[in-house]
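Working notes, structure below.
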Amino acid sequence: MIQRVQSIYLSLILVAVAVTILFPLATFQVGDSFFIMNIMGFDGANELGLDLPNVIAIGVLTALLGVSSLFTLFQYKNRKLQMKLIMISMLINFGLLGAIFFYSDMVGAMEAVNTEFDYDIAAYFPVVSVLLLILANRNIRADEKLIRQSERLR
2 MIQRVQSIYL SLILVAVAVT ILFPLATFQV GDSFFIMNIM GFDGANELGL
52 DLPNVIAIGV LTALLGVSSL FTLFQYKNRK LQMKLIMISM LINFGLLGAI
102 FFYSDMVGAM EAVNTEFDYD IAAYFPVVSV LLLILANRNI RADEKLIRQS
152 ERLR
């Protein structure tokens with residue numbers, strides 16, 4: 002039953018993951034130059050000769066979040082499994098949020114470089130994903146409760 006409300010929420014999570022993949026997470030400015038951080042690394046930092054950390058963990062966590070949300074979307078016949086998968090997706094999402102802000106702050110605090118940075122729109126979409134996961138979980142629980150009540154009436 003793809004037409005359920007929680008299916009819409011899970012689909013919107015996939016959109017949020019796509020935005021996180023397509024748009025930059027943060028923009029760093031070093032003097033007159035700037036570079037951006039996306040899920041696979043830093044674009045434009047090679048010209049500056051900076052030794053930046055590898056941020057592949059952000060890409061892996063984003064891919065895991067997308068795959069787990071897509072898998073959860075199609076587990077509509079097994080609501081208990083769906084609720085467990087949503088909890089796993091929330092853990093992945095919190096890890097993604099932590100990784101985004103950790104790597105951004107680490108690069109922004111580099112002593113060798115006076116770096117200013119701003120978070121871009123894609124850095125905030127994991128927060129939207131958490132809210133959508135909470136809403137999806139709430140609706141799945143409501144469906145489960147409704148089915149239990151209807152079974153009691155039979």
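So for the sequence shown, this note's numbering puts the first residue at 2; every next one is plus one. Here a beta-carbon is modelled for each residue, glycine too, at the ideal position from N, C-alpha and C.
For Val16, count neighbouring Cβ atoms within 10 angstroms of its own Cβ and tell me buried if that reaches 16, exposed if not.
-> Start at 1 with the first residue of the sequence shown, and residue 16 comes out as number 15. The residue in question, Val16, is exposed, as its Cβ has fewer than 16 Cβ neighbours within 10 Å.
Where in the stretch 74-130 do unbroken runs of the beta strand (DSSP E), each at least 3 residues long, occur, reported from the N-terminal end onward?
-> 116-120
Run of the alpha helix (DSSP H) containing Val20, from where it starts to where it stops | As a working note, residue 20 is residue 19 in the sequence shown. That run of the alpha helix (DSSP H) goes Val6 to Leu23.
Starting from Arg34, follow its DSSP beta bridges and name the residues at the other end.
-> For the purposes of this step, residue 34 is taken as the residue at position 33 of the sequence shown. For clarity, residue 34 is Ser in the given sequence; the question names Arg instead. In the DSSP output, where bridge partners are listed per residue, Ser34 has Val31.
Return yes when the Cβ of Ile89 is within less than 9 Å of the Cβ of Tyr69, no when it is not.
-> In the sequence shown, the residue the question calls residue 69 occupies position 68. In the sequence shown, the residue the question calls residue 89 occupies position 88. The question names Tyr, but residue 69 in the sequence shown is Ser. Cβ distance < 9 Å, so Ser69 and Ile89 count as in contact.
Would you list the one or two residues that DSSP bridges to Asp144?
-> In the sequence shown, the residue the question calls residue 144 occupies position 143. Partner(s): none; Asp144 has no beta bridge.
For Met38, does the count of other Cβ atoms within 10 angstroms reach 16, so buried, or fall short, so exposed?
-> Within the sequence shown, numbered from 1, the residue matching residue 38 stands at position 37. Met38 is buried by the Cβ-count criterion.
Report the option in Ile148, Ser8, Pro127 and Ala27 whose CA atom is closest to the CA atom of Asn94.
-> By one-based count along the sequence shown, residue 94 stands at place 93. When each option's Cα is compared against that of Asn94, the closest is Pro127.
According to DSSP, is Gly67 helix, strand or coil?
-> Locating residue 67 in the sequence shown gives position 66, where the first residue counts as 1. Of the three classes helix, strand and coil, the one that applies to Gly67 here is helix, per DSSP.
Would you list the one or two residues that DSSP bridges to Asn39?
-> For the purposes of this step, residue 39 is taken as the residue at position 38 of the sequence shown. The partner list for Asn39 (beta bridge, DSSP) reads Gly42.
Exposed or buried, Gln83, counting other C-beta atoms within 10 Å across all chains shown (16 or more means buried)?
-> What you label residue 83 is simply residue 82 of the sequence shown in a count that begins at 1. Its Cβ being crowded by 16 or more others within 10 Å, Gln83 is buried.
Cβ pair Val108, Leu53 closer than 9 Å = In the sequence shown, residue 108 corresponds to position 107, counting from 1. In the sequence shown, residue 53 corresponds to position 52, counting from 1. Taking 9 Å as the Cβ cut-off, Val108 and Leu53 qualify as a contacting pair.
With C-beta atoms as the reference, is Leu66 less than 9 Å away from Ile122?
-> Here residue 66 corresponds to residue number 65 of the sequence shown, with the count starting at 1. Here residue 122 corresponds to residue number 121 of the sequence shown, with the count starting at 1. No, the Cβ-Cβ distance between Leu66 and Ile122 is not below 9 Å.
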